[in-house]
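Report on the following structure.
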Amino acid sequence: MSGLLVALLLTNTLIQLRGADKKKQPFGIFEQTTDIGQVRPGSSSYDPVKKRYTITGGGADIWGDGDDFHFLWRKVSANGITLTCTLELPPETDDPYSKAGLMLRESLDRKAPFVAVLLHSNGTVALQFRRETGGQTEQMISPTKGNHLILERKDRWLFMSVGSPEGDYVSDEYIVLGFPDSFYAGLAVCAHNRDRLLTAHFSDVILDTE
Numbered sequence: 133m134s135g136l137l138v139a140l141l142l143t144n145t146l147i148q149l150r151g152a153d154k155k156k157q158p159f160g161i162f163e164q165t166t167d168i169g170q171v172r173p174g175s176s177s178y179d180p181v182k183k184r185y186t187i188t189g190g191g192a193d194i195w196g197d198g199d200d201f202h203f204l205w206r207k208v209s210a211n212g213i214t215l216t217c218t219l220e221l222p223p224e225t226d227d228p229y230s231k232a233g234l235m236l237r238e239s240l241d242r243k244a245p246f247v248a249v250l251l252h253s254n255g256t257v258a259l260q261f262r263r264e265t266g267g268q269t270e271q272m273i274s275p276t277k278g279n280h281l282i283l284e285r286k287d288r289w290l291f292m293s294v295g296s297p298e299g300d301y302v303s304d305e306y307i308v309l310g311f312p313d314s315f316y317a318g319l320a321v322c323a324h325n326r327d328r329l330l331t332a333h334f335s336d337v338i339l340d341t342e
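This note's numbering puts the last residue of the sequence shown at 342; the count rises by one with no breaks.
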């Protein structure tokens with residue numbers, strides 16, 4: 133009787149632990165995945181073997197005075213950060229402005245200030261940013277094309293670097309932007325069409341803080 137009771141207790145504990153593991157939904161180095169704005173539901177997953185993030189997102193755009201996209205993020209407190217990735221977008225998309233990339237964001241509100249390095253489906257890489265809540269999005273287009281992206285913050289200075297397939301990085305553009313020491317850092321995907329979803333793959337993802 134005592135042995136049976138112990139076995140039942142152990143079985144129940146294992147079931148609870150497995151349930152807790154499922155609820156955690158691990159996302160590699162990131163904490164949570166969120167739909168921002170008005171979008172079709174997106175998703176994020178992490179393959180620890182391939183060390184690759186797969187993110188599916190909808191949304192009309194990351195532009196104007198508010199954004200609609202999917203965001204895999206981690207809350208960070210630092211005035212120095214380097215975020216890098218190698219990004220794959222589907223070749224079959226017919227929307228040249230669907231996009232994905234690296235983002236630092238003041239909050240999860242759709243009108244929040246942000247800065248991002250985004251690769252578009254037409255191959256354009258841009259440093260996009262919003263200076264204040266509800267302000268208009270601005271951008272600086274990189275003269276370099278590539279899918280190896282770096283977004284760096286050093287106090288008020290924010291830098292975009294783009295790498296070629298050969299692995300050579302060029303520091304293209306930078307801005308000076310007032311940004312809080314506590315913010316959200318992560319990976320963003322936008323379909324540029326509220327009725328569609330875009331799936332992007334991120335590998336070689338590194339997030340370093342100072």
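Idealized CB from N, CA, C, for every residue including glycine.
Rounded Cβ spacing between residue i and residue j (contact assumed at less than 8 Å)
| i | j | result |
| --- | --- | --- |
| S314 | S209 | 5 Å |
| H324 | A192 | 7 Å |
| L204 | L251 | 16 Å between Cβ atoms; not a contact. |
| L329 | G169 | So it is not a contact: roughly 14 Å between Cβ atoms. |
| F246 | L236 | 6 Å |
| T276 | V257 | 7 Å |
Residues of its chain near residue i, where Cβ-Cβ distance is below 6 Å and the 5 sequence neighbours each way are ignored
| i | result |
| --- | --- |
| R285 | I213 |
| I398 | This structure gives no information on residue 398, because the portion of the chain shown stretches from 133 to 342. |
| G160 | Y178 |
| N254 | P228 |
| Y301 | S293 and G295 |
Run of the beta strand (DSSP E) containing residue i, from where it starts to where it stops
| i | result |
| --- | --- |
| D313 | From DSSP, D313 is part of no beta strand (DSSP E); its letter is neither H nor E. |
| I307 | Y301 to V308 |
| E264 | Taken as a continuous stretch (DSSP letters only), E264 belongs to no beta strand (DSSP E), as it is neither H nor E. |
| R326 | That residue, R326, is in no beta strand (DSSP E); it is neither H nor E in DSSP. |
| L221 | First-last for L221: undefined, no H or E at that position. |
| L251 | F246 to H252 |
| E284 | H280 to K286 |
| A192 | Here A192 belongs to no beta strand (DSSP E), and DSSP marks it neither H nor E. |
| S293 | W289 to G295 |
Coarse secondary structure for residue i, derived from DSSP in three states
| i | result |
| --- | --- |
| V171 | coil |
| R206 | strand |
| V181 | coil |
| T256 | coil |
| G196 | coil |
| K231 | strand |
| L339 | strand |
Among the options, the one whose alpha carbon lies nearest that of residue i
| i | options | result |
| --- | --- | --- |
| F291 | R184, L329, L319 and L215 | L215 |
| S303 | V249, A232 and P180 | V249 |
| G189 | D167, K207, K277 and T341 | D167 |
| G295 | V308, N279 and Y316 | N279 |
| A317 | I338, D226 and L329 | I338 |
| T341 | S239, Y306 and L283 | L283 |
| D287 | K277, F311, D336 and V257 | F311 |
| V308 | P275, T276, R262 and R326 | R262 |
| G239 | E264, S230 and P223 | Checking the sequence shown, residue 239 turns out to be Ser, not Gly. The shortest Cα separation from S239 among E264, S230 and P223 belongs to E264. |
| N211 | F162, W289, A320 and P223 | W289 |
| E163 | R206, P223 and P180 | R206 |
Own chain, CB closer than 8 Å to residue i, minus 5 neighbours either side, in chain order
| i | result |
| --- | --- |
| G266 | D197, G198 and K243 |
| K182 | S335 |
| T403 | The shown model of the chain, from 133 to 342, leaves out residue 403, and the question about it has no answer. |
Residues near residue i in its chain [Cβ-Cβ closer than 7 Å; skip 5 each side]
| i | result |
| --- | --- |
| R219 | It should be pointed out that residue 219 corresponds to Leu in this sequence rather than to Arg. Excluding sequence neighbours, L219 sits near A232, G233, L251, N279, L281, A332 and F334. |
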